[in-house]
Amino acid sequence: MASPSYLARSLEGPLRRAAAEFPAVVLTGPRQSGKTTLLRHLFGKSHQYISVEPPDVRAAALGDPRGFLELYAPPVIVDEIQHAPGLLSYIKEWIDEHRARPGQFLLTGSQNLLLAEQVSESLAGRAAMLRLPPLTHRELLKQRSRPLVWEQTRARATPQARSIRAVWADFLRGGYPEIALQRRRDPWLWHSSYVQTYLERDVRSLRQIGDLTTFQSFLRVLAARSGQLFNMTDVARDLGVAVNTVKAWLSVLEATFQILIVRPYHASVGKRLVKTPKVYFTDTGTLCYLAGLKDPAHAASGPMGGVIVETAVLSEIVRTLAHRGEIPEVYFWRTSSGSEVDFVVLHEGRLIPIEVKSSATPRPAMADGVKAFRSDLGKKSGPGYLVHLGALRLPMGQEVTALPFSML
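Using this note's numbering, you'd call the opening residue of the sequence shown number 1249 and step up by one each time.
This is how it looks when you write it as structure tokens:
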């Protein structure tokens, strides 16, 4: 039975299935996204628990891995496994020697790229990898099974409308469970502490960054350029660092789930990879903190308003798909003639164009980019959407619908 403070997560089903099929499951995601809470809620009665983040535990795991696995014999939850990657090869040995039943090792990690490489080398074919982002809007509304709008086969009840100020207050909080659920806590103080802790732990463990002040300036520059075409040369010049340094810092942020790199859609996969991307933070709360925004009204009316709503929409799509164990494919679209669409989602072989507006009053002209996309792509395009902060769902013509954010 769920504890009063536990909010059911969309990933519970895929996680249970993975634990029933694979000897090991690796659950990744940013710090504070709820990985440990989720595993202990689902498997706390059947599995031991140990974190290898404390230095003494880490030393024991690396110094005598066989003895460590004997002491913490499976079934076991091993938290923050990236701090003891050498343990993975001994877990493989244990699985192979004992013909392990499914779900014996449940591992968590906060560093995606490095951990994925290490798991691929040591536990190929023995481990399922799942990702737990922070909370979605639908999880907070306790509608975690609600499909995305283009996946719906029948009309759904419209969620209860909320005031614009309440929506913007949620954007400032973001989706990390601790701050999203504990409404009395100050989101500014929480995100300040999160960014500092993240810098201290993850950045220094992945890159030997000597000047954290410059890195903090980089984060703020990145926030200011969020949702724009990202030119590394310009950013490097503004900060007075090498382009390779900017590239390395981006890789750190991506590896620790702090940013999403969205590439332009092109029929040629190769051309998608070389075209200039856009960079978004994965959480609206992080973005608002780095942009210096504390008040919902200032966030809504300021120059960052549009990109904050874009970040909210992108996060909702990516998190919803990741919570099912799927790999989201999201792009943006821009033509030489000036037509643009904020996001294009690949769904069952069709491309779903989505334009995002911070307005609560959708107008047909706002959907021109979506209509141009559908005209250019023809049968490859699915229905299009104009996502806004109002309360009405309205037809915009040519299979384009104005859709409230709450109905996404």
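Positions of the beta carbon are idealized from the N, C-alpha and C atoms, including for glycine.
With a cutoff of 8 Å on beta-carbon distance, T1504 and Q1359 are scored as near each other.
DSSP lists L1508 as the beta-bridge partner residues of Y1528. Sequence-distant partners of A1608 (beyond 5 residues in either direction) whose C-beta falls short of 8 Å from its own C-beta, in its chain, are I1412, H1636, L1637, G1638 and A1639.
Straight-line measurement puts the Cα of L1420 at about 42 Å from the Cα of F1316. Counting every other CB atom within 10 Å of its CB across the protein chains shown gives A1272 a total of 16 or more, marking it as buried.
Relative to S1299, the option among F1270, Q1330, G1311 and E1318 whose CA is nearest is Q1330. Inclusion of V1367 and V1500 in the CB contact set at 8 Å is not warranted, their separation being larger than that value. Residue state for I1600 is assigned as strand, using DSSP reduced to three classes.
By the C-beta density criterion, E1387 is buried, having at least 16 other C-beta atoms within 10 angstroms. For A1570, the enclosing alpha helix (DSSP H) stretches over residues G1553 to A1570. Taking a cut-off of 8 Å for Cβ pairs, the stretch 1367–1385 and the stretch 1538–1548 do not touch, as fewer than three such pairs fall below it. If you draw a straight line from the Cα of H1385 to the Cα of P1425, it comes to about 11 Å.
Remark: three or more beta-carbon pairs, one from each stretch, lie closer than 8 Å, so the stretch 1316–1326 and the stretch 1283–1303 are flagged as touching.
8 Å or more divides the Cβ of G1597 from the Cβ of V1618.
In this structure the stretch 1251–1262 does not touch the stretch 1332–1352; the number of beta carbon pairs closer than 8 Å is below three. Residue environment analysis places D1450 among the buried positions, since at least 16 neighbouring C-beta atoms fall within 10 angstroms of its C-beta.
Annotated three-state conformation of L1634 is strand, per DSSP. Taken atom to atom, the span from the alpha-carbon of S1337 to that of T1276 is near 18 Å. The closest CA to that of E1345, considering only T1356, E1369, R1314 and L1355, is found on R1314. The alpha helix (DSSP H) runs lying completely inside the stretch 1458–1490 and spanning 4 residues or more are 1460–1472 and 1480–1487, given in chain order. Here G1540 is exposed: its Cβ has fewer than 16 other Cβ atoms, across all protein chains shown, within 10 Å. By the neighbour-count criterion, in which 16 or more other beta carbons inside 10 Å mark a residue as buried, L1287 falls on the buried side.
In this model, K1390 and L1383 are separated by some 11 Å (Cα to Cα). Counting C-beta atoms within 10 angstroms of its own C-beta, R1567 has 16 or more neighbours from the protein chains shown and is therefore classed as buried. In the three-state scheme derived from DSSP, where H, G and I count as helix and E and B as strand, E1577 is classed as coil. With a threshold of 16 other beta carbon atoms within 10 Å, D1590 meets it and is buried. Per DSSP, S1299 is one residue of the beta strand (DSSP E) stretching across Q1296 to S1299. In the three-state scheme derived from DSSP, where H, G and I count as helix and E and B as strand, L1275 is classed as strand. Rounded to whole angstroms, L1599 and P1512 show a C-alpha spacing of 13 Å. If you draw a straight line from the Cα of A1428 to the Cα of Y1446, it is about 18 Å long.
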